[in-house]
Structures are given as structure tokens and as C-alpha cells.
Amino acid sequence: MRRKKYVGLEIIVAITLPLTIVLLTLSTFKTTISLKVKENGNVDYQICLKENDYYPNQCLDKGMQYIANLIDYIDIDFKYDLTTNHKIDSEYSYRVESEVRVFAKNDPTNIIYTDTEELLKEKVGSTSDKSLIQVQEKFKIDYDEYNDLVRKFKSEYGVNADSSIQIRLYITPVLKYKLFDAEVRKEESVLELSIPLTESQINITANLKNVNESNDFKDEVVTVRNYVYLGCAIVSGFIALSLLIQLILVSSKRKRNRTPYQKAVDKILREYDDIISESDTIIDPYETEYQYIDCKDFKELKDMALNTGRQIIFSELKELGKPHRSWFYIIDEANKMIYRTSIRSDDKNLKS
24 MRRKKYVGLE IIVAITLPLT IVLLTLSTFK TTISLKVKEN GNVDYQICLK
74 ENDYYPNQCL DKGMQYIANL IDYIDIDFKY DLTTNHKIDS EYSYRVESEV
124 RVFAKNDPTN IIYTDTEELL KEKVGSTSDK SLIQVQEKFK IDYDEYNDLV
174 RKFKSEYGVN ADSSIQIRLY ITPVLKYKLF DAEVRKEESV LELSIPLTES
224 QINITANLKN VNESNDFKDE VVTVRNYVYL GCAIVSGFIA LSLLIQLILV
274 SSKRKRNRTP YQKAVDKILR EYDDIISESD TIIDPYETEY QYIDCKDFKE
324 LKDMALNTGR QIIFSELKEL GKPHRSWFYI IDEANKMIYR TSIRSDDKNL
374 KS
């Protein structure tokens, strides 16, 4: 039809786009990359005593039961390390807080009073091209300070409850592996030491939360296996994209500049494409033995074509300096008749 001059471009685009996809498929493949991450956390402590006549050493190792009235201070040593099977860049932040808690007897979830204190403001660290993150922080906790605070609270308000102080180190690592598309943001890890308060004898416990011995993070990456195919794919893709843009621009320009005459002809060709054939020549009535019968309009010609099963032939006459004219006609060879109708570009009755 009228789009014949664009068909060549469309064919090239239709060939080069699939060709680009095929070449890309042949030149690359996806592989799964694994980043194995291992975390270790440890909370070490010593209980250092006031002067007394019973214990020869000033400080006792962890894992014992302790007499609260003899405790002077507690030395705490937080150690955390993260290792990976590949060298990475990393950023991490950590902080240390204490939390005093008073809660119902034998029910740590039923909180009566709590107070949080920042022992270490957030620190930020980073590594470059390494497979190891290490953090170590030491603290000295004045046991009597917290013990006296809670004892006073219980006495003043007549509270019969359990109590403790938790010392926690929070750390959040962000891992950047060069073969991964995105950063690996690991869930915040917590190293905790729980110390009972206002008890005559205490057992201290250490807890690790979200400190996983092993994590396996995976990502799919595209690897080039044939650079010749890849180069051809790039060239083919560039050609397809260029022609596609050209087609879009031409089509857009053509739609913007269409006259009422062009709109009318295009509408007919679009809606009745199955019964219309295009011809590059106009039949001259003076050079043929056929008799011409002019139909009132295209609808009459279309109804005739549908009733007889004949094709409508379309031709457009363009002469420089003259109005364009589109002819639609049906040839009845048996009766030597040609039924026709036309649309002229200078027809004032055409709707814009």
C-alpha cells in the first residue's frame, strides 16, 4: 500500500533485531557467582573483686557463679570478625549500648522499667580489597553503679521483680564484591552480655544474635565467551536501533503532516486492506475497450466488491502542480466493465 517505501526499512529492522538477540546469546552466558561469608563473635569477660579474705586472685574467669557483694567491676572484651572467600570492599558500622531492665519475676518480656545508655558512639570502618573485617572493643563496667540504681528503684517503689543489665555491641556490615551487581547488606549482628542485678549470687551469660557461622550469597553475572559475536551483535543492534528511530521519526512526521485527503485514503486502505490491491498504473479510459461506470462513493464500490467477491484495485495519480487523486476500481472482465470511484485532494467536503 502507501507504506511501500518504508517496507524495506521495516524488513531490515525485522532481520537485525532477532539477529542481534541471537548473536548476544551466542557471545555470552550466565554464571552463578557465590560469595561465602563466615562470621565469628565472642564475648569474653573477667569478674574483678573487691578486697576479701577468700579469693587469692583479684579477677575470676568467666563461666563461674559469682557473689554479687564481692564484685568491684567487670572487664568485657567484644571480638567480631567476618571472612569471605573472595577479596571485597566493605563498609561497616558498630556501636555499644547498655540496657538496665527491671521485669516481672521469671518473665523477661514483661518489662517494668528500662534505661538505655550509649557506651560507644557509632564508629564507621571500611576495608579495600580484603577478605577480613575485624572489630574489638573493651569496656570496664562498674557493677555497683548499676546494682545500686536498681536496688534504689525497687526499694523506693516496693517492686518485687528481677533485673539485669545487658551490654550489647551492634555491628552492620555492607559488602561490595566486584562481580555482584548490588551490595550485600547483611542483617545487623549483636554480641550481648547479660548480667543479673540485685541478686546475692549471679550467673553471667553471653549471647550472639544474627552472628552466622556461614552465609552463601549468590548472584548471576554475564560472561563473554566470543568477542567476535559480541562485536557483530553490537553493530547489528546499532543498525537496528538507528533504523527503528528513523522509522519512528518518519511515521511521527507523516502523521503530524497528513492532510484530510491523506487521512481519508489511509482510513480506507487500513480498514479494507483484505479486499484492496495496489497498482502503480492508472487505466486510461481512452486506451481500453472497457466501459467505465462511476460509483457514487467508496461505500457503493465496497458493497459491490463484497457481493461479487472481486478485489478493489487502488492507484494514486500524482502530477506536479495538480491535485492528487486516488482511484478505486473493480474490473469486470466478462462484461468489459470498470466500476470506479475516486477521492481528490482538493475536495472541500473531506473532514480534517
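If you're matching positions, the sequence shown starts at 24 in my numbering and goes up one per residue.
Using N, Cα and C, we set each Cβ at its ideal position, and we do this for glycine too.
Reduced DSSP secondary structure (H/G/I, E/B, other) of residue i
i    : result
Q334 : coil
D370 : coil
I268 : helix
E179 : helix
K341 : coil
T221 : coil
R191 : strand
M24  : Reliability of the predicted coordinates at M24 is poor, the pLDDT of 44 falling under 50, and the value obtained from them is presented with this limitation in mind. M24 falls in the coil class under three-state DSSP.
E215 : strand
I257 : helix
V207 : strand
I134 : strand
A184 : coil
A37  : helix
A263 : helix
T43  : helix
E168 : helix
R348 : strand
I227 : coil
Y315 : strand
K290 : helix
Option nearest residue i by Cα separation, candidates the options
i    : options                : result
E122 : G181, Y169, K110       : Y169
Y295 : D326, M360, L202, I262 : D326
D204 : L58, L373, N358        : L58
K110 : S149, Y200, I44        : Y200
K177 : I164, R124, Q189, K232 : R124
V147 : I134, Y193, T137, R174 : Y193
Y89  : K290, E222, V173       : E222
V207 : E215, L272, T195       : T195
V182 : K128, D152, L214       : K128
S349 : Y103, G254, F321, L202 : F321
K153 : D355, V60, V288, T137  : V60
D239 : A37, E62, I34          : E62
L220 : Y78, I34, Y96          : Y96
Q414 : V234, Q157, G86        : The structure shown has nothing for residue 414, since the chain only spans 24 to 375.
D104 : D112, I156, T304, L93  : I156
T331 : K163, R118, D355, S265 : D355
A184 : I335, Y362, Q334, I135 : I135
V288 : L373, V158, A37, N80   : L373
N358 : Y315, R281, T137, Y250 : Y315
L292 : C82, P41, I335, A37    : I335
D317 : E140, Y352, L231       : Y352
D165 : I94, P131, L266, D84   : I94
E312 : S302, I361, D303       : I361
K163 : L72, T137, D130, F126  : L72
S151 : F126, T139, V173, D112 : D112
T304 : E339, K286, A328, K319 : E339
D138 : V173, R118, L272       : V173
Opposing strand residues paired with residue i [DSSP bridges]
i    : result
E114 : S149, V197
E140 : S121
I354 : I361
T107 : V60
L155 : T106
F321 : In the DSSP output, where bridge partners are listed per residue, F321 has none listed.
N238 : V60
K163 : D98
L329 : Looking at the DSSP assignment, L329 forms no beta bridge with any residue, so it has no partner.
K232 : V213
S300 : I336
C-beta atoms of residue i and residue j nearer than 8 Å
i    : j    : result
K144 : D100 : no
S217 : S187 : yes
D171 : I56  : no
L142 : E120 : yes
Y284 : S368 : yes
L54  : S259 : For the record, residue 54 in the displayed sequence is Thr; it is not Leu. No, Cβ-Cβ distance for T54 and S259 is not below 8 Å.
T107 : A263 : no
Q189 : E210 : no
A91  : I225 : yes
K102 : N133 : no
F337 : I298 : no
V213 : R191 : yes
Q) What beta strand (DSSP E) runs, 3 residues minimum, are completely inside the region 49 to 102? A) 51 to 72, 88 to 90
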